[in-house]
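Chains as they are written, first to last, in this note's numbering: chain H, 1 to 343; chain Y, 344 to 454.
Heads up, the beta-carbon is just placed ideally off N, CA and C, and yes, glycines get one too.
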Amino acid sequence: MIARLLVADDNKVNRLLLARTLELKGHRVSCAENGRVALAMLRAEAFDLLLLDIEMPDLNGFEVLEALAADAKLVDLPVLVTSSLEGLDHVVRCIELGAEDYLPKPVNPVLLHARIGSSLEKQRLRRAQQELVRRFATPEVIEDLHRSGFALGGRRVRATVMFSDIRGFTGLVETLPPEETIELLNTYYMLMFDAIHGRGGVVNQMIGDGLMAIFGAPLPLADHAHRAVLAAIDMSETMELFNAERAGTGKPAIRIGIGIATGDMVAGYTGTEQRATYTCIGDTVNIAARLETHTKTAGRGILIDAATREALPPSVALEALGLVGLKGKGAAVDVFAVGPASP
Amino acid sequence: MTGPVIDPATFDELRAHAGAEFVAELVETFADEAPGLVGELRSAFAAGAVDRFRRAAHSLKSNSLTFGAMRLAALARGLELGGLPAEGAAIDALAVELAATLPALRSLARA
């Protein structure tokens with residue numbers, strides 16, 4: 001495996017010899033003469049592995065390891081420490097700070113290549129695994145897992161929840177071949193994801209033609225209610241464009257309904273130790289789901305609750321629909337419609 | 344001090360692995376850098392700068408080991424691990440050994 005490597009060593013003889021050893025194996029090598037320069041290079045361009053000396057002026061190897069561990073983008077970079085510093089305590093400290101291995105100088109070339117090979121292979125597997133996780137979890141959830149680790153259970157947060165689905169989807173499916181349904185769903189999801197992510201929201205569930213998105217968890221988000229409403233407006237406008245395109249090929253328009261509610265909820269991982277999902281639970285979530293269902297009855301595209309409305313600036317055009325009795329809710333809820341009545 | 348200035352087995356291994364021409368260049372790089380490191384030892388000693396002193400001795404040790412200059416490496420190691428010496432004689436001894444090491448290395452590199 002040919003890789004892009006960085007050698008950080010303050011000693012010119014060591015730098016040249018290490019670079020030569022690595023280049024003889026076909027690797028592409030850059031050099032840094034101290035820890036500060038090395039960090040700047042690692043932040044500026046992509047490297048597959050760092051060979052790090054310990055005794056360096058201007059950020060020594062230990063300090064570089066600490067900086068890498070604290071940098072979300074560099075925390076996974078494999079580091080091989082090469083040093084002629086004596087004493088087991090130095091080796092232990094390097095490993096504890098996250099180094100893959102510690103090779104004493106002068107470095108044995110055979111051992112060096114074996115260590116680089118296994119580090120790169122481990123890194124490849126780690127990246128493949130991350131890629132897999134990325135496909136099933138949102139970047140925000142992955143970051144939350146990185147920071148706090150995985151634990152079933154939740155914490156109380158104030159956030160905004162959105163539910164959205166396609167009106168009359170069941171009827172639509174009956175008229176379409178399955179392949180076309182999948183294609184339609186994929187396009188729909190892609191457009192909706194873009195709109196939601198664009199405003200800082202996180203899609204955490206997809207069920208058939210419906211989706212649930214959270215604004216303000218797992219990572220805090222300022223103006224979560226306003227952002228959710230702006231995302232809903234973006235989604236509606238995107239669907240208008242999508243429908244115009246479909247009309248050109250004689251296909252029927254796709255209508256969506258969106259319900260939004262703001263309040264306290266419990267956010268966290270539910271499921272089992274083996275399989276879990278990030279979600280939010282609570283009355284606010286139920287209200288958002290019921291508001292989405294109510295869009296059909298109300299003949300409106302976007303419905304929001306009073307707590308969401310209170311967080312909006314006056315620039316957002318609203319219409320108060322008054323108190324509405326929602327299914328499964330004891331007390332009636334004050335409902336507001338965003339945007340025009342749907343056709 | 345006993346033993347050859349340069350351990351021939353270490354030097355031969357280095358040449359076999361990195362190439363004779365490259366090693367000849369590397370010897371010249373060491374010849375350029377080493378006097379500066381001795382100078383750094385002297386100035387750190389004079390200033391009582393223990394970290395700088397240790398780092399310069401460490402660098403000299405590391406390079407000496409690379410070329411198989413075991414006697415020079417032993418002297419440098421003594422300075423690296425011994426802290427600031429009471430007097431400058433130890434640095435003088437190292438400078439003398441370096442003066443013997445460089446021509447020996449050049450002669451081996453040409454062989």
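Between which two residues does the beta strand (DSSP E) carrying L17(H) extend? Looking at the DSSP string, L17(H) is not in any beta strand (DSSP E); the run it does join, the alpha helix (DSSP H), is 12-23.
Bridge partner(s) assigned by DSSP for M162(H): Paired residues: A213(H), I260(H).
Pairwise C-alpha distance: T297(H) and D349(H): Examination of residue 349(H) is not possible in this model, given that chain H is present from 1 through 343 alone.
Beta-carbon proximity list for R15(H), same chain, < 8 Å, skipping 5 on both sides: Excluding sequence neighbours, R15(H) sits near V7, D9, C31, E33.
Using a Cβ-Cβ cut-off of less than 7 Å, give me the residues of the stretch 90-113 of chain H that come near chain Y, in sequence order. Answer set for the stretch 90-113 of chain H: K105, P106, P109.
Does any CB atom of chain H fall closer than 8 Å to the CB of A363(Y)? Not a single C-beta of chain H is nearer than 8 Å to the C-beta of A363(Y).
Pick from G339(H), C280(H), Y269(H), V13(H) that is closest to F163(H), judged by C-alpha positions: That would be C280(H), whose Cα lies nearest to the Cα of F163(H).
Could you work out which residue in A72(H), D71(H), S83(H) is closest to N60(H) when comparing CA atoms only? Closest by alpha carbon: S83(H).
Counting along the chain, where does the alpha helix (DSSP H) carrying P378(Y) start and finish? Counting along the chain, the alpha helix (DSSP H) containing P378(Y) begins and ends at 363-390.
Residues in the stretch 63-93 of chain H with C-beta within 9 Å of chain Y's C-beta atoms, listed in sequence order? Those residues of the stretch 63-93 of chain H that come within reach of chain Y (Cβ to Cβ, closer than 9 Å) are S83, S84, L85, E86.
What would DSSP say about P314(H), mapped onto helix, strand or coil? Three-state DSSP puts P314(H) in coil, outside helix and strand.
Do L321(H) and V338(H) have their C-beta atoms within less than 8 Å of each other? Result no, Cβ atoms of L321(H) and V338(H) do not sit closer than 8 Å.
Own chain, CB closer than 6 Å to A438(Y), minus 5 neighbours either side, in chain order: Leaving aside the five residues that flank A438(Y) on each side, the residues in its chain whose CB is nearer than 6 Å to its CB run, in chain order, V381.
Under 7 Å: does the beta carbon of Y188(H) sit that close to some heavy atom of the ligand GTP? With respect to the ligand GTP, the structure offers nothing, as it holds no ligand at all.
Relative to the C-alpha of L323(H), which residue among V316(H), A332(H), P139(H) is closest? The shortest C-alpha to C-alpha distance from L323(H) to any of V316(H), A332(H), P139(H) is the one to A332(H).
Under the three-state reduction of DSSP, which class applies to D223(H): helix, strand or coil? Looking at D223(H) - three-state DSSP - the assignment turns out to be coil, as it is neither helix nor strand.
Under a Cβ-count criterion, where at least 16 other Cβ atoms within 10 Å of its own Cβ denotes burial, should D165(H) be classed as buried or exposed? By the Cβ neighbour-count rule, D165(H) is buried, with 16 or more other Cβ atoms within 10 Å of its own.
Any beta-carbon of chain H closer than 8 Å to the one on S402(Y)? Yes - at least one Cβ of chain H is within 8 Å of the one on S402(Y).
Rounded to a whole number of angstroms, what is the C-alpha to C-alpha distance between G346(Y) and Q130(H)? So the two alpha carbons sit approximately 55 Å from each other.
Anyone know if the C-beta pair for F365(Y) and F410(Y) falls short of 8 Å? Result no, Cβ atoms of F365(Y) and F410(Y) do not sit closer than 8 Å.
Among the candidates I254(H), R124(H), R115(H), R43(H), whose CA atom is the shortest distance from the CA of V173(H)? Out of I254(H), R124(H), R115(H), R43(H), I254(H) has the C-alpha closest to the C-alpha of V173(H).
Limits of the unbroken alpha helix (DSSP H) element including G330(H): Per DSSP, G330(H) lies in no alpha helix (DSSP H) and is assigned neither H nor E.
If we cut at 8 Å on Cβ distances, does R398(Y) have a partner in chain H? With a threshold of 8 Å between beta carbons, R398(Y) makes contact with chain H.
Please classify I207(H): is it buried, with 16 or more other beta-carbons within 10 angstroms of its beta-carbon, or exposed? I207(H) should be labelled exposed.
Which of helix, strand or coil does DSSP assign to Q123(H)? Q123(H) sits in a helix when the DSSP states are folded into three classes.
Would you mind stating whether H27(H) and L52(H) have Cβ atoms separated by less than 8 Å? No, Cβ-Cβ distance for H27(H) and L52(H) is not below 8 Å.
If you draw a straight line from the C-alpha of G271(H) to the C-alpha of V81(H), how long is it? Rounded to the nearest angstrom, the two C-alpha atoms are 41 Å apart.
Would DSSP call V141(H) helix, strand or coil? If DSSP states are grouped into helix, strand and coil, V141(H) belongs with the helices.
Name the residue from A44(H), V203(H), I54(H) whose alpha carbon lies nearest to the alpha carbon of K73(H). Measuring from the Cα of K73(H), the nearest candidate turns out to be A44(H).
Reducing DSSP to helix, strand and coil, say where L448(Y) ends up. Helix at L448(Y).
When L103(H), M235(H), D264(H) are compared against L88(H), the one with the closest alpha-carbon: Closest by alpha carbon: L103(H).
Taking contact to mean at least 3 C-beta pairs separated by less than 8 Å, is the stretch 196-203 of chain H in contact with the stretch 179-187 of chain H? With a cut-off of 8 Å on Cβ pairs, the stretch 196-203 of chain H is not in contact with the stretch 179-187 of chain H, counting fewer than three such pairs.
6 Å Cβ shell around E356(Y) - same chain, five flanking residues per side excluded: The same chain holds no residue with a CB closer than 6 Å to that of E356(Y) once the five nearest residues on each side in sequence are set aside.
Going along chain H, which residues have a C-beta under 8 Å from F373(Y)? Listed along chain H are V13, each with a C-beta nearer than 8 Å to that of F373(Y).
Determine the direct distance from the alpha carbon of R275(H) to that of Q205(H), and round the result to whole angstroms. Straight-line Cα distance between these residues: approximately 14 Å.
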